[in-house]
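Trainee: To get my numbering, take the position in the sequence shown, counting from 1, and add 12. The beta-carbon is built from N, C-alpha and C at its ideal position, and this holds for glycine as well. Small disclaimer: the values here were computed from a predicted structure and weren't measured. I have a structure here, written as structure tokens, and I will follow up with some questions on it.
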Amino acid sequence: MYRLLLILMSIGSLISCASTSTNNSPAMTPAELQYGDEQILLAQSYYKDDQPEKALALYQQLAKQGHPRAQGELGLIYDIGVLGVSEDNALALDWYNKAAQQNDPQALVNLASFYRMGEFVEKNPDTAISYYKKSINLQFAMANCELGYLYLDEPNYQDLHKAERYFLAGAESKQVSCYLGLAYLYDFDINDQIKAFQWYKLAADSDSAIAQYNIALKYLNGVGTTKNIALGNEYLAIAVEQNFPLAVGYLAQKYDYGWDVAENKLAAVELYHKAAELGDADSQVNLGLMYEKGEHVTQDINTALQLYTLAADQGHPIALNNIAAIYLRGDKVERDLQIALPLFYQAAALGNPNALINLGTMSRLGNGVEQDDKKAFLYYKQAADLGFTPAYFQLGKSYHLGIGTEKNDELALTYLLASTEYDKSAAFYIGIIYSKSPTVTPDFDKAITYFEKAYELGRQDAASYLGWIYETESPAHHDFEKAVYWYQQSLSTPYSCIRLARLYLQGKGVPQNIDKGLALYHEFAKLKKFDIDELLGNLYFFGEVVDQDYQQALFHYEKAVANNQSQAANNLGEMYRLGNGVGKDIDKAISLYQASIEWGGIVSMINLGEIYLNGEGVVVDRDLGISWLIKAAERGQNEAQYLLGQDMIANQQQTAGEQWIKKSAESGNKKAIQYLTEHQ
Numbered sequence: 013m014y015r016l017l018l019i020l021m022s023i024g025s026l027i028s029c030a031s032t033s034t035n036n037s038p039a040m041t042p043a044e045l046q047y048g049d050e051q052i053l054l055a056q057s058y059y060k061d062d063q064p065e066k067a068l069a070l071y072q073q074l075a076k077q078g079h080p081r082a083q084g085e086l087g088l089i090y091d092i093g094v095l096g097v098s099e100d101n102a103l104a105l106d107w108y109n110k111a112a113q114q115n116d117p118q119a120l121v122n123l124a125s126f127y128r129m130g131e132f133v134e135k136n137p138d139t140a141i142s143y144y145k146k147s148i149n150l151q152f153a154m155a156n157c158e159l160g161y162l163y164l165d166e167p168n169y170q171d172l173h174k175a176e177r178y179f180l181a182g183a184e185s186k187q188v189s190c191y192l193g194l195a196y197l198y199d200f201d202i203n204d205q206i207k208a209f210q211w212y213k214l215a216a217d218s219d220s221a222i223a224q225y226n227i228a229l230k231y232l233n234g235v236g237t238t239k240n241i242a243l244g245n246e247y248l249a250i251a252v253e254q255n256f257p258l259a260v261g262y263l264a265q266k267y268d269y270g271w272d273v274a275e276n277k278l279a280a281v282e283l284y285h286k287a288a289e290l291g292d293a294d295s296q297v298n299l300g301l302m303y304e305k306g307e308h309v310t311q312d313i314n315t316a317l318q319l320y321t322l323a324a325d326q327g328h329p330i331a332l333n334n335i336a337a338i339y340l341r342g343d344k345v346e347r348d349l350q351i352a353l354p355l356f357y358q359a360a361a362l363g364n365p366n367a368l369i370n371l372g373t374m375s376r377l378g379n380g381v382e383q384d385d386k387k388a389f390l391y392y393k394q395a396a397d398l399g400f401t402p403a404y405f406q407l408g409k410s411y412h413l414g415i416g417t418e419k420n421d422e423l424a425l426t427y428l429l430a431s432t433e434y435d436k437s438a439a440f441y442i443g444i445i446y447s448k449s450p451t452v453t454p455d456f457d458k459a460i461t462y463f464e465k466a467y468e469l470g471r472q473d474a475a476s477y478l479g480w481i482y483e484t485e486s487p488a489h490h491d492f493e494k495a496v497y498w499y500q501q502s503l504s505t506p507y508s509c510i511r512l513a514r515l516y517l518q519g520k521g522v523p524q525n526i527d528k529g530l531a532l533y534h535e536f537a538k539l540k541k542f543d544i545d546e547l548l549g550n551l552y553f554f555g556e557v558v559d560q561d562y563q564q565a566l567f568h569y570e571k572a573v574a575n576n577q578s579q580a581a582n583n584l585g586e587m588y589r590l591g592n593g594v595g596k597d598i599d600k601a602i603s604l605y606q607a608s609i610e611w612g613g614i615v616s617m618i619n620l621g622e623i624y625l626n627g628e629g630v631v632v633d634r635d636l637g638i639s640w641l642i643k644a645a646e647r648g649q650n651e652a653q654y655l656l657g658q659d660m661i662a663n664q665q666q667t668a669g670e671q672w673i674k675k676s677a678e679s680g681n682k683k684a685i686q687y688l689t690e691h692q
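Have a look at this one:
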């Protein structure tokens, strides 16, 4: 809905308002004025008879002779560019001034509109008010309406009491524009829907198409009156007959969505076309979307862009966003960020939430703009603050993961809970928060509910978390059979694969099946792109799930080492260092540790450090041992940081040692945490 400001009337309307002798300039005699009035009527007849040249010549002649009404009419002719002349604002302003100096009331109103809008003159609402009041004093009723609109809409001048007073004064003279002004005043500012309805009704029954459209909506929605679909449709039909763009567009939507009528897409398309041609921006967008997607019309991206552009030229934010999105995607057009970005910014500035979401995602991904998580967060926040529900997920995710803002699971939960019906991932993250958040009280019943919802909506990895809850995380929900069930629903996820493998190997929740368990280990290795022999070597080396078997571990580790697997080399080194399943061989252990380091292993650095510091099968070499610990510590290995700190403290390097222990504690090393607790 919008307010229609009637400042400049059409040429056909103005020429019927010839001046009378009470407004005449003394520059012309009464006889001259009367003759001029008659000539204006003749000009009007020329206009109606499609003889614009004769009409224009007569207006020009009369205006040059000093007839005030003719001067005002000539100003309007140049103002709107009719009767075969081009729009010329300077000439329009000049003729308006000449007519206004002779107290032509319509010219005063038109001149006031220039100053109110700041068109071709410096904006000056005070000057506009002065001209309006002068026209009112000349008994020109329309001026009341225009002054009422100024007090209703003009920033820094809004005065609802004055607006109401001037509208009522014009309404007494049956000015339809004042009827509308009162309807808008009561509808949007005072919120008296009953009075708004009454004034809309009066304007509608006075043949105002916009009022007919508005009264139709009031009847159809039961606002300010009893809901009456029949009367609503009757007034809507009258407005449509008058080709009022909003009415035609609304009727198109009724058929498009089946509002109080049978859904009829073909009728909707036809009406959208008509409304779009009449300039209705919403219809241009709706029809453009149909052409973009190929729904009920033949898909045509060029036609879609043409329609969007018509709406965008009117400042329609959805149209701006849609054009930008097409060029961002490069969908059936060449991708062009120089077109897309300014349009996104323009739409976002107009408060379009989709544009804000698009800019947020572009900033988060660095797609066409500099990657900036903080900017992305701000865009998502703006969209969410507009009540745009799809933005809630992005904002909740940002708070949960601490992307572009501080991590805050409480705020994350608020936004995610409001978005679950729109996004499966929202339900998934809610489940994570209720089951794993360090700041939100755990609630495994709720976690299960939301993980199940996420799974139903298509988040397969939610089943992994359900298996995790039933297998290990919540004693109150401990159920191996349910764990097995949920792991089986998500075997494409590595976690479910490895957990189910362990359950088969142990016979928990399912009959023990070593072959199936090992097969799942192989599947896990494929999913994670891990070396299967390294995994199986670890399985037998640690003996946590199956019986410890060093021979099996040796077999698989040797195959993995042949494939340059660092962990396998380290663990096989441990076997030779300790003599587990093989003869103790420190040289071979050192060689394997060095290979592990070469292939990216860090733990082997600690092992080498211990060997040289302790002289395990080698001569004690403190410098070499410490150098290996330093290398591991500098790479963030918290056990190395703790050991290095302890060694430094033992060797009177208290400050440096405690710094390493502090780093170790910050990484979660329990021994380091205990040390700091005991020595504070």
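With burial defined as no fewer than 16 other Cβ atoms inside 10 Å of the residue's Cβ, what is the status of valine 631: buried or exposed?
Mentor: Sequence index remark: in the sequence shown, residue 631 carries index 619 (1-based). Answer is exposed; the Cβ neighbour count stays below 16.
Trainee: Kindly list the residues whose CB is nearer than 8 Å to the CB of isoleucine 602, restricted to its own chain and excluding five residues on each side of it in sequence; keep chain order.
Mentor: Taking the first residue of the sequence shown as 1, we reach residue 602 at position 590. Answer for isoleucine 602: Gly585, Leu620, Ile623 and Val630, listed in chain order.
Trainee: Classify valine 273 as buried or exposed, calling it buried when 16 or more other Cβ atoms lie within 10 Å of its own Cβ.
Mentor: Position 261 of the sequence shown, counted from the start, is the residue given in the question as residue 273. With fewer than 16 other Cβ atoms within 10 Å, it is exposed.
Trainee: Below 6 Å CB to CB, which residues in the same chain sit around serine 185 once its five sequence neighbours on both sides are set aside?
Mentor: Here residue 185 refers to the residue found at position 173 of the sequence shown. Answer for serine 185: Ala153, listed in chain order.
Trainee: State the CB to CB distance for the pair proline 365 and alanine 395, rounded to an integer number of angstroms; the pair is presumed to be in contact (CB under 8 Å).
Mentor: Position 353 of the sequence shown, counted from the start, is the residue given in the question as residue 365. Position 383 of the sequence shown, counted from the start, is the residue given in the question as residue 395. That pair is a contact at about 4 Å.
Trainee: Candidates Tyr247, Ile526 and Asp294: which alpha carbon is nearest glycine 261's?
Mentor: Here residue 261 refers to the residue found at position 249 of the sequence shown. Taking only the C-alpha atoms, the option nearest glycine 261 is Asp294.
Trainee: How many whole angstroms separate the CB atoms of leucine 214 and tyrosine 191, which I take to be in contact at a CB cut-off of 8 Å?
Mentor: Position 202 of the sequence shown holds residue 214. Position 179 of the sequence shown holds residue 191. Right, the Cβ-Cβ distance comes to about 5 Å (below 8 Å), so this counts as a contact.
Trainee: Give the C-beta separation of glutamine 692 and serine 676 to the nearest angstrom, bearing in mind that I take them to be a contact with Cβ-Cβ under 8 Å.
Mentor: On the sequence shown, residue 692 is found 680 positions in, with the first residue counted as 1. On the sequence shown, residue 676 is found 664 positions in, with the first residue counted as 1. So it is not a contact: roughly 15 Å between Cβ atoms.
Trainee: If I measure Cβ to Cβ from serine 22 and keep anything under 7 Å in the same chain, skipping five residues before and after, which residues do I get?
Mentor: For the purposes of this step, residue 22 is taken as residue 10 along the sequence shown, with counting starting at 1. Because serine 22 sits at a pLDDT of 34, beneath the cut-off of 50, its placement in the model cannot be relied upon, and the following sentence gives the value as read from the coordinates. Cβ neighbours of serine 22 beyond the five flanking positions: none.
Trainee: Spatial neighbours of alanine 494 within its chain, please: CB distance less than 7 Å, with the 5 preceding and 5 following residues excluded, ordered by chain position.
Mentor: Translated into the one-based positions of the sequence shown, residue 494 becomes position 482. The sequence as given places lysine at residue 494; alanine does not occur at that position. Once the five neighbours on either side are set aside, the close Cβ partners of lysine 494 are Tyr482.
Trainee: Mind checking tyrosine 269: buried by the 16 CB within 10 Å criterion, or exposed?
Mentor: By 1-based counting over the sequence shown, the position of residue 269 is 257. Per the 10 Å Cβ criterion, exposed.
Trainee: Taking only the alpha-carbon atoms, compute the straight-line gap between tryptophan 480 and aspartate 397 and give it to the nearest angstrom.
Mentor: For the purposes of this step, residue 480 is taken as residue 468 along the sequence shown, with counting starting at 1. For the purposes of this step, residue 397 is taken as residue 385 along the sequence shown, with counting starting at 1. Going from the Cα of tryptophan 480 to the Cα of aspartate 397 covers about 36 Å.
Trainee: Are the CB atoms of tryptophan 498 and leucine 478 within a distance shorter than 7 Å?
Mentor: As a working note, residue 478 is residue 466 in the sequence shown. As a working note, residue 498 is residue 486 in the sequence shown. Cβ atoms of leucine 478 and tryptophan 498: closer than 7 Å.
Trainee: CB-CB under 7 Å to glycine 87, same chain, minus the five flanking residues each way: which ones, in chain order?
Mentor: Taking the first residue of the sequence shown as position 1, residue 87 is located at position 75. Here the set comprises Ala104, Trp107, Tyr108, Ala111, Ala119 and Asn122.
Trainee: If you reduce the DSSP assignment to three classes, tell me which class glutamate 134 lands in.
Mentor: In the sequence shown, residue 134 corresponds to position 122, counting from 1. If DSSP states are grouped into helix, strand and coil, glutamate 134 belongs with coil.
Trainee: Give the secondary structure of proline 38 by DSSP, where H, G and I count as helix, E and B as strand, and everything else as coil.
Mentor: Mapped onto the sequence shown, residue 38 falls at position 26. In this predicted model, proline 38 has a pLDDT of only 49, less than 50, meaning its place in the structure is not dependable; the value taken from the coordinates is given anyway. Three-state result, proline 38: coil.
Trainee: Taking the alpha-carbon positions, what's the aspartate 545 to arginine 511 distance?
Mentor: In the sequence shown, residue 545 corresponds to position 533, counting from 1. In the sequence shown, residue 511 corresponds to position 499, counting from 1. The straight-line gap from Cα to Cα measures roughly 18 Å.
Trainee: Rounded to the nearest angstrom, what separates isoleucine 460 and phenylalanine 554 at their Cα positions?
Mentor: Position 448 of the sequence shown holds residue 460. Position 542 of the sequence shown holds residue 554. Cα to Cα, isoleucine 460 sits roughly 32 Å from phenylalanine 554.
Trainee: From tyrosine 198 to isoleucine 206, what does the alpha carbon distance come to, in whole angstroms?
Mentor: Start at 1 with the first residue of the sequence shown, and residue 198 comes out as number 186. Start at 1 with the first residue of the sequence shown, and residue 206 comes out as number 194. One C-alpha to the other measures close to 8 Å.
Trainee: If you draw a straight line from the C-alpha of proline 454 to the C-alpha of lysine 448, how long is it?
Mentor: Counting from 1 along the sequence shown, the entry for residue 454 is found at position 442. Counting from 1 along the sequence shown, the entry for residue 448 is found at position 436. Approximately 7 Å, taken between the alpha carbons.
Trainee: With a floor of 4 residues, list each alpha helix (DSSP H) that falls wholly inside the region 260–343, ordered by position along the chain.
Mentor: Counting only runs of 4 or more, we get 277–289, 293–305, 313–324 and 329–341.
Trainee: Am I right that tyrosine 562 and glycine 549 are in contact with their C-beta atoms under 8 Å? What's the rounded C-beta distance?
Mentor: In the sequence shown, the residue the question calls residue 562 occupies position 550. In the sequence shown, the residue the question calls residue 549 occupies position 537. Rounded, the Cβ-Cβ distance is 10 Å, inconsistent with contact.
Trainee: Taking only runs that begin and end inside the region 174–256, name each unbroken alpha helix (DSSP H) of 4 or more residues, in chain order.
Mentor: Qualifying alpha helix (DSSP H) stretches, in chain order: 188–196, 205–216, 221–233 and 241–253.
Trainee: Would you kindly work out how many angstroms separate the C-alpha atoms of tyrosine 320 and serine 679, rounded to a whole number?
Mentor: The count along the sequence shown starts at 1 and reaches residue 320 at position 308. The count along the sequence shown starts at 1 and reaches residue 679 at position 667. Going by the C-alpha atoms only, they are around 54 Å apart.
Trainee: CB-CB under 6 Å to proline 64, same chain, minus the five flanking residues each way: which ones, in chain order?
Mentor: Residue mapping note: residue 64 aligns to position 52 of the sequence shown, counting from 1. Correct list, in chain order: Leu95 and Gly96.
Trainee: With H, G and I counted as helix, E and B as strand and the rest as coil, what does DSSP make of asparagine 626?
Mentor: Here residue 626 refers to the residue found at position 614 when the sequence shown is read from its first residue. Reduced to three states, the DSSP call for asparagine 626 is helix.
Trainee: Near alanine 183, which residues of its chain fall below 7 Å by C-beta distance, leaving aside the five closest residues on each side in sequence?
Mentor: By 1-based counting over the sequence shown, the position of residue 183 is 171. For alanine 183, where only same-chain residues beyond five positions count, the Cβ hits under 7 Å are Cys190, Tyr191 and Leu194.
Trainee: If you check the beta carbons only, do phenylalanine 356 and asparagine 334 fall under 7 Å apart?
Mentor: The count along the sequence shown starts at 1 and reaches residue 356 at position 344. The count along the sequence shown starts at 1 and reaches residue 334 at position 322. No, they are not a contact pair.
Trainee: Which residues in the same chain have their Cβ closer than 8 Å to the Cβ of glycine 48, if we skip the five residues on either side of it in sequence?
Mentor: Indexing the sequence shown from 1 puts residue 48 at position 36. These residues qualify, in order along the chain: Met40, Leu74, Gln77, His79, Arg81 and Ala82.
Trainee: With 16 other CB atoms within 10 Å as the buried threshold, where does asparagine 226 fall?
Mentor: Counting from 1 along the sequence shown, the entry for residue 226 is found at position 214. Buried is the call here.
Trainee: So what does DSSP say about tryptophan 695, is it helix, strand or coil?
Mentor: No answer is possible for residue 695: it lies beyond the span of the chain, which begins at 13 and ends at 692.
Trainee: One question on the structure: do phenylalanine 492 and arginine 471 come within less than 7 Å of each other, judged by their Cβ atoms?
Mentor: In the sequence shown, counting from the first residue as 1, residue 492 sits at position 480. In the sequence shown, counting from the first residue as 1, residue 471 sits at position 459. Not a contact, by the Cβ cut-off of 7 Å.
Trainee: Which of the three DSSP states, helix, strand or coil, is assigned to glycine 399?
Mentor: As a first step, residue 399 is located in the sequence shown; it is residue number 387 there, counting from the start. Here glycine 399 sits in coil by DSSP.
Trainee: Taking the alpha helix (DSSP H) that asparagine 365 belongs to, which residues open and close that run?
Mentor: For this step, residue 365 is matched to residue 353 along the sequence shown. A small correction: the amino acid at residue 365 is proline; asparagine does not occupy that position in the sequence shown. Where proline 365 is concerned, the enclosing alpha helix (DSSP H) stretches over 365–377.
Trainee: Check arginine 347 in the structure and name its three-state DSSP category.
Mentor: Here residue 347 refers to the residue found at position 335 of the sequence shown. Looking at arginine 347 - three-state DSSP - the assignment turns out to be coil, as it is neither helix nor strand.
Trainee: Applying the 10 Å Cβ sphere with the 16-neighbour rule, what's the burial state of threonine 689?
Mentor: Residue 689 sits at position 677 when you count from the first residue of the sequence shown. Flag for threonine 689 reads exposed.
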